[in-house]
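Comments concern the structure below.
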Amino acid sequence: MGTKTQIAALPGWYSLDGEPHLIGSRCIACRSYYFPKRTTACRNPACGSDTLEAVSLSRTGKLWSFTDACYQPPEPFLAPDPFVPFAIAAVELEHERMVVLGQVVSGVDVGQLRLGMTMELVVEPLFADEATESLVWKWRPV
Amino acid sequence: MSAREIAILGVGMHPWGKWGRNFVEYGLVAARAALADAGIDWRKIQFVSGAATIRCGYPGYVAGATFAQALGWQGAQVNTSYAACASGSQALAAARSKILSGECEVALVIGADTTPKGFLAPQKGERPDDPDWVRFRLGITNPAYFGLYARRRMGLYGDTQEDFARVKVKNADHGFSNPNARYRKRFSMEDVAASAMVANPLRLMDICATSDGAAALIVSSLDFARRHGRGDAVRIAAISTVTPTFASEVLEMPDLATDSAVAAAAHRFRAALPRKAYEEAGIGPEDVHVAEVYDLSTALELDWYEDLQFCARGDAAGLLRAGVTRLGGRLPVNASGGLACFGEAVPAQALAQVCELAWQLRGTAGARQVEGAKVGITANQGLFGHGSSVIVKK
């Protein structure tokens, strides 16, 4: 990754360590999880708690579905020139009982994906300029 | 039930297309067509219920007043609704509430839009606390969600890309003779297969375009209809605009994640919309003769068959292959040609669905007429927990 400074494209949404994870939240009353994280007001209508704690979400899950972006998305997407198509995955986290969307790592296309396969969270550049690489979470087949 | 019904006295549309003119022009054409169809003088309209457009500046945010002014201020009550793709239905629901509460007897409901080229995109600015902005930052457009739903059907139920193409071919056949449709061209399975991949497994011809267009309704109390010699007018028997119920089972636009189903059962939003409409009208799916559903993608039309309870979950492609949902079949879906032939004009689209049902139930739909149609249902869904289902009956 050279000498560029690496920063989070969405600060506070995920960690950038060796085993990156999404930062979500969990209601201390009903145990419902949230991503992106919430600091107050559990959305479970049967709960109504205002106390949520930040938690690391599971780093692996099962592929719920997948697709790709064959055409360059509009802004605020910052596309490399030339645009490189990328795959998109929705991954079901078993423990949290929720599905989380994200890009698939570069170099993996839909032909290498199938429903139910295990996917792992990593961080990769979303866009870059001369000095910095802005990282985002992506899903990678295990 | 009839105490909660209202009459549709008039319907009108401006043809869908990419005309590039101001949305108010389209709305005027649709409103005047609906007024003429109803035989009601504009000055008799007591309430103008507009569906907002968010891409046409301030006049779009206050669409009800914009159209009222364009038609000539005449002192009517006014309201504007915004509910993404369900804006038209919410405007219709506002009119029904006024009518049923006795605050007015006759209303104009109207939506019109002028759309930009290409992908629908969020408004400018940096808004990392707006999920709609974040998903676009990640490059996740509307077709990506449609692609996810389509792929899941293939994985769970064995649907194929040919099944999705069949939906396009069917709807193109239906819309071929519809003077209000933007695309009036028949397509073959090969044409669909040859179109460019957009969001695998969906190709360009599986995904609806965005269009300019306008639709308008004149609705009234049943008493008003009878007094004006229109006691036989088709009626609106139900308008469902319910929200989702926590926890979400399906990843919905523009969310990056579903709700967690740790503490609450997962619910399917799309299925909740017609369920409430059936309950309100006191009928069931077996009573429906014709349906207009939101085919943002070909595969999504198949999801709707199941959410409307036309068949068991996973059986929609079978219904399609058997010809049940094409004109001449037992339960034609998107006789108008659907979004496949129209493209989406957001604030007008839910009203266009009701216009089509009105023509079908009156028996004036011409070459696309569903013989003997007496009960019709619409289904639509947009962003941020908005959607609608309207039941029209003879």
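In the order they appear, the protein sequences are chains A and B.
Heads up: the first sequence begins at 632 in this note's numbering, then just goes up one per residue.
Heads up: the second sequence begins at 619 in this note's numbering, then just goes up one per residue.
The C-beta atom is built at its ideal place from N, Cα and C for all residues, glycine as well.
Computed from a predicted model, the values in this text were never measured in an experiment.
Using a Cβ cut-off of 7 Å, pull out every chain A residue sitting near S705 of chain B, in sequence order please.
Here residue 705 of chain B refers to the residue found at position 87 when the second sequence is read from its first residue. In chain order: nothing, as chain A lies at least about 22 Å away.
For N798 of chain B, which residues of its own chain have a beta-carbon under 7 Å away from its beta-carbon, when the five flanking residues on both sides are left out?
For the purposes of this step, residue 798 of chain B is taken as the residue at position 180 of the second sequence. Within the same chain, N798 of chain B has close Cβ partners M631, P633, W634.
Where do the N-terminal and C-terminal ends of the alpha helix (DSSP H) with N760 of chain B fall, by residue?
Here residue 760 of chain B refers to the residue found at position 142 of the second sequence. N760 of chain B -> alpha helix (DSSP H) spans 760-775.
With a cut-off of 8 Å, do at least 3 Cβ pairs link the stretch 760-778 of chain B to the stretch 816-826 of chain B?
Yes, since at least three Cβ pairs between the stretch 760-778 of chain B and the stretch 816-826 of chain B fall closer than 8 Å, the two stretches touch.
Residue burial classification, H792 of chain B (beta-carbon count within 10 angstroms, cutoff 16)
Numbered from its first residue, the second sequence carries residue 792 of chain B at position 174. H792 of chain B comes out buried.
Per DSSP, which residues does H632 of chain B bridge with? Please list them.
On the second sequence, residue 632 of chain B is found 14 positions in, with the first residue counted as 1. Answer is B:A832.
C-alpha gap between T636 of chain A and P749 of chain B, whole angstroms:
On the first sequence, position 5 is the one that residue 636 of chain A refers to. On the second sequence, position 131 is the one that residue 749 of chain B refers to. Inter-residue distance for T636 of chain A and P749 of chain B is about 26 Å (C-alpha atoms, whole angstroms).
For L744 of chain A and S687 of chain A, what's the separation of their Cα atoms in angstroms?
Within the first sequence, residue 744 of chain A is the residue found at index 113, counting from 1. Within the first sequence, residue 687 of chain A is the residue found at index 56, counting from 1. L744 of chain A and S687 of chain A have their C-alpha atoms some 25 Å from each other.
DSSP state of R669 of chain A, grouped into three classes?
On the first sequence, position 38 is the one that residue 669 of chain A refers to. R669 of chain A sits in coil when the DSSP states are folded into three classes, being neither helix nor strand.
So what does DSSP say about S954 of chain B, is it helix, strand or coil?
Reading the second sequence from its first residue, position 336 is the one you call residue 954 of chain B. S954 of chain B falls in the coil class under three-state DSSP.
Which of the three DSSP states is assigned to Y664 of chain A in this structure?
As a first step, residue 664 of chain A is located in the first sequence; it is residue number 33 there, counting from the start. Here Y664 of chain A carries a strand assignment [DSSP, helix/strand/coil].
Determine whether the Cβ of V753 of chain A lies closer than 9 Å to any Cβ atom of chain B.
As a first step, residue 753 of chain A is located in the first sequence; it is residue number 122 there, counting from the start. V753 of chain A does not count as touching chain B.
Residues of the stretch 794-819 of chain B in Cβ contact with chain A at a cutoff of 9 Å, in chain order, please.
Against chain A - using a Cβ distance shorter than 9 Å - the residues of the stretch 794-819 of chain B are A814, M815, V816, A817, N818, P819.
Top-ranked residue by Cα proximity to V785 of chain B, from B:L918, B:K992, B:Q987
For the purposes of this step, residue 785 of chain B is taken as the residue at position 167 of the second sequence. When each option's Cα is compared against that of V785 of chain B, the closest is B:L918.
Give the DSSP bridge partners of A725 of chain B, in chain order.
Reading the second sequence from its first residue, position 107 is the one you call residue 725 of chain B. B:F665, B:V837, per the DSSP bridge assignment.
Can you give me, in chain order, the residues of the stretch 678-690 of chain A that have a beta carbon less than 8 Å from any beta carbon in chain B?
For the stretch 678-690 of chain A, which is checked against every Cβ of chain B, the residues closer than 8 Å are C678.
Mind pulling the chain A residues with CB within less than 7 Å of T982 of chain B?
Stepping through the second sequence from its first residue, residue 982 of chain B is reached at position 364. For T982 of chain B, no chain A residue has a Cβ inside 7 Å of its Cβ, as the nearest lies near 40 Å away.
Which whole-angstrom value is the C-beta distance of S707 of chain B and V908 of chain B, which I expect to be below 8 Å?
Translated into the one-based positions of the second sequence, residue 707 of chain B becomes position 89. Translated into the one-based positions of the second sequence, residue 908 of chain B becomes position 290. Their Cβ separation, rounded to whole angstroms, is 17 Å, which puts S707 of chain B and V908 of chain B out of contact at 8 Å.
For D1018 of chain B, go through chain A and note every residue whose CB falls closer than 7 Å to its CB, in chain order.
Within the shown structure, residues of chain B are numbered from 619 to 1012, placing residue 1018 of chain B beyond reach of any answer.
Roughly how many angstroms separate the alpha carbons of A976 of chain B and T863 of chain B, rounded to a whole number?
If you number the second sequence from 1, residue 976 of chain B lands on position 358. If you number the second sequence from 1, residue 863 of chain B lands on position 245. Whole-angstrom Cα-Cα distance: 31 Å.
Residues in the same chain with beta-carbon distance under 6 Å from A651 of chain B, minus the five sequence neighbours each way, listed in chain order, please.
In the second sequence, counting from the first residue as 1, residue 651 of chain B sits at position 33. Excluding its 5 nearest sequence neighbours in each direction, A651 of chain B has C-beta neighbours in its own chain below 6 Å: G630, listed in chain order.
Hey, does S663 of chain A have any beta-carbon neighbour from chain B nearer than 9 Å?
Locating residue 663 of chain A in the first sequence gives position 32, where the first residue counts as 1. Yes, because at least one Cβ of chain B sits closer than 9 Å to the Cβ of S663 of chain A.
Can you find a CB in chain B that lies within less than 9 Å of the CB of V735 of chain A?
Numbered from 1 along the first sequence, position 104 holds the residue referred to as residue 735 of chain A. With 9 Å as the cut-off, V735 of chain A does not count as an interface residue toward chain B.
Count Cβ pairs between the stretch 709-721 of chain B and the stretch 681-701 of chain B that sit closer than 8 Å; are there 3 or more?
By the criterion of at least three beta-carbon pairs nearer than 8 Å, the stretch 709-721 of chain B is in contact with the stretch 681-701 of chain B.
Between A725 of chain B and the rest of its own chain, which residues show a CB-CB distance below 8 Å, the 5 nearest in sequence each way excluded?
Counting from one through the second sequence, the residue named residue 725 of chain B turns up at place 107. The residues are I663, Q664, F665, V666, S667, A713, K716, I717, I836, V837, S838.
In or out: L945 of chain B buried (at least 16 other Cβ within 10 Å) or exposed?
On the second sequence, residue 945 of chain B is found 327 positions in, with the first residue counted as 1. The Cβ neighbour count for L945 of chain B, taken over all protein chains shown within 10 Å, is at least 16; the residue is labelled buried.
Expressed to the nearest angstrom, what Euclidean distance is found between the alpha-carbon atoms of M619 of chain B and E897 of chain B?
In the second sequence, the residue the question calls residue 619 of chain B occupies position 1. In the second sequence, the residue the question calls residue 897 of chain B occupies position 279. Note that M619 of chain B has pLDDT 46, beneath the 50 cutoff, so the model's placement of it is unreliable and no number is given.
Checking 9 Å against the spacing of the C-beta atoms, do E725 of chain A and G692 of chain A come in under that value?
Indexing the first sequence from 1 puts residue 725 of chain A at position 94. Indexing the first sequence from 1 puts residue 692 of chain A at position 61. Contact check for E725 of chain A against G692 of chain A passes: the beta carbons are separated by less than 9 Å.
Nearest-angstrom Cα distance between A953 of chain B and E870 of chain B?
If you number the second sequence from 1, residue 953 of chain B lands on position 335. If you number the second sequence from 1, residue 870 of chain B lands on position 252. Taken atom to atom, the span from the alpha-carbon of A953 of chain B to that of E870 of chain B is near 27 Å.
Which residues in chain B sit within 7 Å of D648 of chain A, going by Cβ to Cβ distance?
Taking the first residue of the first sequence as 1, we reach residue 648 of chain A at position 17. Neighbours of D648 of chain A in chain B, taken as residues whose beta carbon is under 7 Å from its own, are absent, since the nearest beta carbon is some 21 Å off.
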